[in-house]
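*Asks:* Those letters in the sequence shown? Residues 13 to 1226, per this note's numbering, in order. The C-beta atom is built at its ideal place from N, Cα and C for all residues, glycine as well. What you are looking at is a predicted structure, and each value in this text was computed from that prediction instead of being measured. First the structure, then my questions, so here it is.
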Amino acid sequence: MQKKRDDGIPVREACVKKWFLVMKLICVFTLFLLLKVSANGFSQKKISLDFEKASMLEIIQELRQQTGYKFFFNHNELKKVKDVSVKFVDEELEQVLDVLLGKVNLSYRIEQGVIIIVPGEVKNEEREVRIIGKVTDERKQPLPGVTVIVKGLTLGTSTDVNGRFSLTLPKMQNVSLLFSFIGMETQEVKYTGQDSIHVVLKEAAEQLDEVIVRTGYQNIDKRKLTSAVQTIKMDDIKVAGVNTIDQMLEGRIPGMIFMQNSGQVGAAPKLRIRGTSTVLGNREPLWVLDGVVLTDPVNVDPAQINDLDFVNLLGNAISGLNPNDIEQIDVLKDASATALYGAKAGNGVIVITTKKGKAGPPSVTYSGTGSFTRRPRYSDRAIYLMNSKERVDVSRELVERGVYYNNVDSWVGYEAVVQDYYNGAIDYKEYNRLVSYYETLNTDWFDIVCQDVFSHSHTLSLSGGSANIRYYASLGMSDENGAIKGENNKRYSTTLNLTANYERFTARFQLQGNVSSRNYNPSELGVLDYAYNMSRAVPAFNPDGSRYFYQRTSGSMPVYNFNVLNEMDNSGDKTKGSAINMQAHIGYSVIDDLKLEGTLSYAVSNTNQEIYFTKDTYYVHKLRADQTERNDMCPVGGELRKSDVRNTNWMARVQANYTKNVGNEGKHNVSGSAGLELNSQRYDGFNITRRGYHRDRGKLFSSVPQTYTGYYNQFMASANALGVITENLTNSVAWYAMAGYDYDNRYMVNLHIRGEASNLFGSRANDRMMPIWALSGRWNMKQDILKSVDWMDDMALRGSFGYQGNMLSNQTPNMIIRQETDYTGKYGEFHSKVAHYPNPDLRWEKTASTNLTLDFSLLKNKINGSVSWYYKKTRDAFLTKTISEINGITQYVVNSGTLVNKGIEVSLNFTPINRVGLDGGKRGFVWRIDPQLGQVLNELVNNAINNRNNVLRDEIEYTDMLTGDVDIAGEPLNTFYSYRFKGLSPVDGSPIFYGAEDELQEELSKKYNNMEREDVFLEVMERSGRREPYLQGGISNYFGYRNFGLSFNLAYSLGNKIRLLKLCTEYGTTNPHPSSNLRREFVNRWRKPGDENYTNIPALNTVAGAHSNPWWSSGTNMTHQIASNVYEMYDNSDIRVVSGNYLRLSSLSFRYNVDDRFCKKLGLKSAYINLTGTNLFTIAHKKLRGQDPTQSGSSPSVNLSVRPTYSCNLSITF
C-alpha cells in the first residue's frame, strides 16, 4: 500500500493577521480566536464538483484542492471502488461527503480536523481491533510522542508521557505497525493478536541529539525545555581553517557579544552572554566539557582579561580541544539553565558535548584541511598610510620651514640626507640622487615582518561498537602559522570515549589530552605596530642585500644600530602546554523510576613560558642605559623570563534521579534530582626573571661583576629576580536539587536550587551561604489550545526567574601581610606589605534574572524560531573606592552598585525550498536561511560611593575617561569620553577645544580649580558612546542541490563606537620623527590661513616648543591635569570617533559530496571536499577609510586585523 501525502489546511487571511498579532503581543485571547475560526471552518466550506465516470482518488484530490483539508484513507481500498459520476454546485462539504461516499459503501469520521475515510462496515464495533502497547528506549525509559502508524494505511496515533499508546483500526490480516521517533531508528512490528505490544527503540546516533539539550547535569528533551538554552550542532557551525570553537561562534548565538581584537594566530576572542553582570569580576562565560567545568591554563587578573585592548595569546579553557571531536554546543543563558553551576556561572555557561561511538562495524574517518592566510598589504583598504613620496614631502616642508626636531631618536631618510648635505658630507648631486631614491623607495614593511602562510590540520577518528559497548577515538594535529613572521601555534590532541550499558548499569569513560606549543614575538617588540608606523622612506636592506641598520638612541644611551629583523631573530616568546582530562561516569537504575549516578573527573595542565632577549636587542640596550656601573641593569648577556604553571582539578559528584508517572491515565509526571558535588583546584606557579643569559652559548648564564652596584641593589633585590612562587588551593562543596512536574506534555514546571558556601565572609555565617535558585515553566500551546490549527506545527511559551551570586576570589575577611624581599639593616627585618586588606562586610553580588521565550514552528516546519526577552538586575555590585594610603592600600572593594542588562533575542530558521527526498533520493534543491539577532542593553543604574556626583571612583585620571575605564551611573559599562573639538586655529592650524581655549585661560583656570577632578573632566569632555556593541547577530544561508552545497554566513555588529587610529604622533606634536610614517589623511592638512574652513587635519608644528606646555597642563596653574598636550587631545577628540558597526562575510563555503556509487567502488562509505573562505570582506563606516572595526585607536599599539583565509578540506570515511 502507498501512503498518500497530505497538504496542509489553508488559513484565511484574517487568521494569518491574527497570528502575526500573536507573535507581537503573545496574546492568549487571540489564539483562542484563531482556534474558534479554525473549528467553524468545516461547516462553512462550499463545494462545486462535476465529474463523469471519475475515480474516487481523482474526486478526493479535487476536494483537497478546494478545501485544503487532510484526508486519511487506504489507498488500495479506494482503487477497488468503481468510477462514479457526481455533480454538486455550492454544496456544503458534509452534504457532498454523505452523498459521494454513500454511493460506494464508504463512510467517514472526523478526528482533530482530519477526514478519515473507512469502509461502511467499520462502524460496527465488532469489526474493529484495539491495539495497546508501550514504547521505551534501550535503557527502559518511556518515550513520549512516538509516532505509531499502521503500515499501508494513514491511520495512526502517538504515545503519551508514559510511552503508552492505543489504536483502533479495522479488523484485517497482516497488520504491521511502524514506530518512529526523532533520534531513534524507525522500527516495524507485526501485530499477531497479542494483548499488548512492548517496543524498544534504538538510538540513531546521527539523529539523536537533534532534540536533546545537554546542560551538563541533565539531558532534556527540547520539547520540555523550560530554560533559555541555545543548542547548535557542531556540523552547522564548523568552518574549515578555524581551529578553535570560540572563533566559530561569531553571529551564531543570539545574545552573545563576540569581540575579536586581534588577528594574531591563537588570539582568543572576548565573549559576553547577555551583557555584563559584574564590574570587577571576570566577565567571560564558563566552559563545560561533558558536564565537567574547564579552567583556564593560566590565571589572568580579571581587570586585564576584561580590558578590551588586552590581546589574550595565552589561550583559554578550550584552546586544546579539537573541533572535529565536538558533537554539540549548548549555550546556557538564564538563571534556570545556569543555577546548578553556582556562583561561577553568573556570566553564562557554554556546554560542549563530545562525540560518542555509534553502534555498528568500525568506521574510520579522516579529515584534512589546508589553509592559506593572506598577510597585510599597503594596497589593503585598512592600510591608509603614506607612500615614500608623500612622506618625503612632509619632511621637505618641515625642513624648509626650519622646524626644530625634538628628542629625535633616529636620523634617517630625507632628514639624514639633509644633515649630510648641510655638514658637507655629500654634494648637491648626491643629495638629489638620494632624495630621488628615498622618494621612490616604498619599503614594504608588511612584506618584511609579515608573510602569506600555509597552515594545515588533520584528524583521524575511529568509531563503532555494539548495542552494549560503543567507542570513539581520535588523533588530531594542527599546525597554524601566523601572518606575522615567527608566530606559530601547534596542537596535538587525542580523545577516547567509551560508553557501555548492561541491564540496569550504564558507564562512560572519557580521556582527552593535548600538547601545544605557541611561538610569538615579544609584545615589547610590537612588530605589527612597527610596520604600521615605520616610514616607507627608510630601507630595510642595503643595495647589496645585507640588512640596513640605522642608529637609535634615547637620552644618555649610547647609539644603537637597529634593524627590526635582527630584533625578531634575537628575541622570542615561546609557550609550551600540555593538558589531560579524565572522566568516569557510572549509573545504576535501582528501579524503573529511580536511578543513581556518580561522576569522577581529574584534570591537570602544565604551561611553561619563556620570553627572552639576547644582548643584541634594543630592549637589552635600553636596560644598560648609559652603561655605567651605577645604572647598567644588564651588564652582560641578555634576559630570560620564565613562568611555570601547573593547574590541577578534581571533581566528585553523586546524583539521584527520580521520575514517576501518576494518575489513571499517566498524564501526571513528577521528576526530581538531588546531588552532592566536591571540587578541588590547586594552582602552582613560579615566575622568575634572570639576566646574563646567553642563548647562543647553550642557554647558559654568566655572573655579573660585583662592581655593578645598580644591578645588584635594584634588579637583583626585586621580586622578579628572586622569583615569585604562587600556591592557591581552593576546595568547595555544594549541594543541588531539581524538581519538575509535567502534565500531559502540555504544562511543565521546574525548580533548580544550589547551595554553596564561601569562607570569604569571615564569621558572618548568614552571609557565607547564598542559595542560588531558579523557577521555570513551559506551556506547549500546540498540545493544548492550538491542536486544530494545522498550519501551526508547534507553539510553546517558556519563562524563568531566578537568583545568581558572585564573589571575588581575591577578597578576604582577614588581614594578610606579606614579607617583601628587601631587608633593612636599621630594624633587622624585611619590609612588609599589605597583600589583602580585611573586608568582613563584603556580601554576595546578587543577580536576579527573568526570561520569557516564545518558540514556534509554522507551515510544515518551513518557519521555525524563537523570540526571547530577558531582564537581569545585579544588586550589591562590587566597586572600588579610593581610600587613604595610611591603610597600606589605596583601593577598597565595597558592595555599592546596581547593574541592569536587558534585551531581546530572535532566532529564526526558514526553509523556503526543500525538494530533497521528493523524488526518492537526495537530488532535490534545498534552501535554508537562519537569521540570528541579539540585543544587549547594559546600564550601571546607581551607586553609593560618591554622593557628590555620578562618578563612582574618587581618584581617576583623565586617561580613564578616554579609554572607558570609569564606571558612571546611568551609563553602560565601557562608556568612553572625548574632548570637544572646536576647530583649527586660523593662525597656525593647531587644534582648539571647548573648555581649553587660550583666550579664556583666566576664567576657566579659576573655575576648574574650584571643581572636583571628575567635574573638570566632564566639563572638557563629552560622552562618545560605548566600546562594546549592543546588538550582534548573523545570517546563515545554505543552498543544496544533488551532491553540491553552497553556504555563507554574514555576521553583523551594531551599537559601539571606536576611535580612529592615531594621527598625531606619540611625541606630542604633529611633526613626525624622521623614521615615522603618517596616515594618508594627513595629506589634507592645514597649510595656510583659511584652510580651517575646509579641513580638520592640524598643520605641521613649525614653532619649537609651541603647544608643549599649555596653561591647563599639570604643574602650571591648574590643579587637575586634563591632557598632556593639544595633539593628544586631538587624537582623543570627538571628530576622531566613528561608528564601529560592521557587516562581515565571515565564511563562504562550497561543498561537494562524492557520489555514493563512486565511493562504493573505492571502498568508502562517504567522502566530501569543501572549499572555504573566511573573513573575506567587511562593510563598515566610510570614515574608517578601511580601518578594520576590530582595530581601536584606544589601544596603545596597532594590532593585526582579522585576516582573510582560504581553505580546502577533504573528509573520507571507510
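#1: So, helix, strand or coil for residue 420, using DSSP?
#2: Please report the straight-line C-alpha distance between residue 148 and residue 1175, rounded to a whole angstrom.
#3: According to DSSP, is residue 857 part of a helix, a strand, or is it coil?
#4: Does DSSP put residue 34 in a helix, a strand or coil?
#5: Ignore the nearest five residues each way along the sequence and tell me which others in residue 498's own chain have a CB closer than 6 Å to its CB.
#6: Out of curiosity, what's the CA-to-CA distance linking residue 792 and residue 988?
#7: At 3 residues or longer, and completely inside the region 661-733: list those beta strand (DSSP E) runs for me, N to C.
#8: Here's a check: name, in chain order, each residue in its chain whose Cβ is nearer than 6 Å to the Cβ of residue 83, leaving out the five neighbours to either side.
#9: Quickly, what does DSSP pair residue 785 with across the bridge? List them, please.
#10: Helix, strand or coil: which one does DSSP assign to residue 1098?
#11: Our contact map puts residue 1068 next to residue 1035 with C-beta atoms below 8 Å; I'd like the distance itself, whole angstroms only.
#12: In terms of DSSP beta bridges, what is residue 651 paired with?
#13: To which residues of the same chain is residue 778 closer than 8 Å at the C-beta, ignoring the five residues directly before and after it?
#14: Got a sec, what are the start and stop residues for the beta strand (DSSP E) residue 747 sits in?
#15: Counting along the chain, where does the alpha helix (DSSP H) carrying residue 577 start and finish?
#16: DSSP has residue 947 in a bridge; who is on the other side?
#17: What three-state label does DSSP hand residue 1206 in the structure shown?
#18: How long is the line joining the alpha carbons of residue 509 and residue 304, rounded to whole angstroms?
#19: Is it right to say residue 210 is buried, meaning 16 or more other beta carbons lie within 10 angstroms of its own, or is it exposed?
#20: Which residue wins for smallest C-alpha separation from residue 1063, given the options 1084, 1051, 1072, 1041?
#21: I need the straight-line Cα distance from residue 381 to residue 334, nearest angstrom please.
#22: Could you tell me whether the region 269-287 touches the region 311-329, where touching means 3 or more Cβ pairs closer than 8 Å?
#23: Tell me the rounded alpha-carbon separation between residue 728 and residue 734.
#24: Figure out for me which residue from 1058, 725, 702 has the closest Cα to the Cα of residue 715.
#25: Which parts of the region 260-330 are runs of the alpha helix (DSSP H), unbroken and 4 residues or longer, counting only runs that do not cross its ends?
#26: Can residue 458 and residue 543 be called in contact, C-beta distance under 8 Å?
#27: Are the region 1094-1101 and the region 281-290 touching by the rule of at least three beta carbon pairs closer than 8 Å?
#28: Kindly confirm or deny that the region 367-379 and the region 413-423 touch, where touching means at least three C-beta pairs closer than 8 Å.
#29: Pairs of beta-carbons, one from the region 237-245 and one from the region 1204-1222, closer than 8 Å: are there three or more?
#30: Among 1002, 878, 329, 232, which residue has its Cα nearest to the Cα of residue 592?
#31: Below 8 Å, how does it come out for the region 1008-1028 and the region 1156-1171: are there three or more Cβ pairs, yes or no?
#32: Sort out for me which residues DSSP pairs residue 490 with in a bridge.
#33: Taking only runs that begin and end inside the region 1126-1182, name each unbroken beta strand (DSSP E) of 3 or more residues, in chain order.
#34: Do you know whose CA, among 876, 785, 311, lies nearest residue 7's CA?
#35: Within a Cβ cutoff of 6 Å, which residues of the same chain sit near residue 217, ignoring the five residues on either side of it in sequence?
#36: Return helix, strand or coil for residue 928, following the three-state DSSP convention.
*Replies:* On the basis of the supplied data:
#1: Within the sequence shown, the letter at position 408 stands for residue 420. Reduced to three states, the DSSP call for residue 420 is coil.
#2: In the sequence shown, the residue the question calls residue 148 occupies position 136. In the sequence shown, the residue the question calls residue 1175 occupies position 1163. About 36 Å.
#3: Counted from its first residue, the sequence shown places residue 857 at position 845. Assignment of residue 857 by DSSP, reduced to helix, strand and coil, places it in the strand class.
#4: In the sequence shown, residue 34 corresponds to position 22, counting from 1. Low confidence applies to residue 34: its pLDDT is 36, below 50, so where it sits in the model is not reliable enough to give any reading.
#5: Translated into the one-based positions of the sequence shown, residue 498 becomes position 486. If we look at residue 498 and ignore the five residues flanking it on each side, its Cβ neighbours are 533, 580.
#6: Here residue 792 refers to the residue found at position 780 of the sequence shown. Here residue 988 refers to the residue found at position 976 of the sequence shown. Their backbone Cα atoms lie some 45 Å apart in a straight line.
#7: 680-706
#8: Numbered from its first residue, the sequence shown carries residue 83 at position 71. Closer than 6 Å at the Cβ level, and outside the excluded window around residue 83, lie 72, 127.
#9: Mapped onto the sequence shown, residue 785 falls at position 773. DSSP, once it has assigned bridges, lists 765, 815 as partnering residue 785.
#10: Taking the first residue of the sequence shown as 1, we reach residue 1098 at position 1086. Of the three classes helix, strand and coil, the one that applies to residue 1098 here is coil, per DSSP.
#11: Here residue 1068 refers to the residue found at position 1056 when the sequence shown is read from its first residue. Here residue 1035 refers to the residue found at position 1023 when the sequence shown is read from its first residue. With 8 Å as the limit, residue 1068 and residue 1035 do not qualify as a contact, their Cβ atoms being about 13 Å apart.
#12: Start at 1 with the first residue of the sequence shown, and residue 651 comes out as number 639. The partner list for residue 651 (beta bridge, DSSP) reads 625, 703.
#13: Indexing the sequence shown from 1 puts residue 778 at position 766. For residue 778, the pLDDT reaches just 47, beneath the cut-off of 50, and the residue's location in the model is therefore unreliable, leaving the point undetermined.
#14: In the sequence shown, residue 747 corresponds to position 735, counting from 1. First-last of the beta strand (DSSP E) with residue 747: 736-755.
#15: Within the sequence shown, residue 577 is the residue found at index 565, counting from 1. Its alpha helix (DSSP H) spans residues 576-581.
#16: What you label residue 947 is simply residue 935 of the sequence shown in a count that begins at 1. Per DSSP, 1043.
#17: For the purposes of this step, residue 1206 is taken as residue 1194 along the sequence shown, with counting starting at 1. The DSSP-derived three-state label of residue 1206 is coil.
#18: Along the sequence shown, read from residue 1 onward, the residue named residue 509 stands at position 497. Along the sequence shown, read from residue 1 onward, the residue named residue 304 stands at position 292. Computed Cα separation, rounded: 15 Å.
#19: As a first step, residue 210 must be located in the sequence shown, where it is residue number 198. Its Cβ having fewer than 16 others within 10 Å, residue 210 is exposed.
#20: Residue numbering aside, residue 1063 sits at position 1051 when the sequence shown is read from its first letter. For residue 1063, the nearest C-alpha among the options comes from 1041.
#21: Within the sequence shown, residue 381 is the residue found at index 369, counting from 1. Within the sequence shown, residue 334 is the residue found at index 322, counting from 1. Each residue's CA atom was taken as its position, placing residue 381 and residue 334 some 13 Å apart.
#22: With the rule of 3 Cβ pairs closer than 8 Å, the region 269-287 counts as touching the region 311-329.
#23: Within the sequence shown, the letter at position 716 stands for residue 728. Within the sequence shown, the letter at position 722 stands for residue 734. Between residue 728 and residue 734, the C-alpha separation is close to 7 Å.
#24: Working through the sequence shown from its first residue, we reach residue 715 at position 703. The candidate whose alpha carbon is nearest that of residue 715 is 702.
#25: 314-318
#26: One-based indexing of the sequence shown puts residue 458 at position 446. One-based indexing of the sequence shown puts residue 543 at position 531. Between residue 458 and residue 543, the C-beta spacing is below 8 Å.
#27: no
#28: no
#29: Judged by Cβ distances under 8 Å, the region 237-245 makes no contact with the region 1204-1222, as fewer than three pairs qualify.
#30: One-based indexing of the sequence shown puts residue 592 at position 580. The shortest Cα separation from residue 592 among 1002, 878, 329, 232 belongs to 329.
#31: no
#32: Here residue 490 refers to the residue found at position 478 of the sequence shown. DSSP, once it has assigned bridges, lists 469, 503 as partnering residue 490.
#33: Considered as a whole, the region 1126-1182 harbours 1149-1151, 1154-1165 as its complete beta strand (DSSP E) runs of no fewer than 3 residues, in chain order.
#34: Any question about residue 7 goes unanswered here, given that the chain covers just 13 to 1226.
#35: The residue labelled residue 217 in the question sits at position 205 within the sequence shown. In this prediction, residue 217 has a pLDDT of 45, which is less than 50 and means its spatial position is unreliable; nothing more can be read from the coordinates.
#36: As a working mapping, residue 928 is identified with position 916 in the sequence shown. If DSSP states are grouped into helix, strand and coil, residue 928 belongs with coil.
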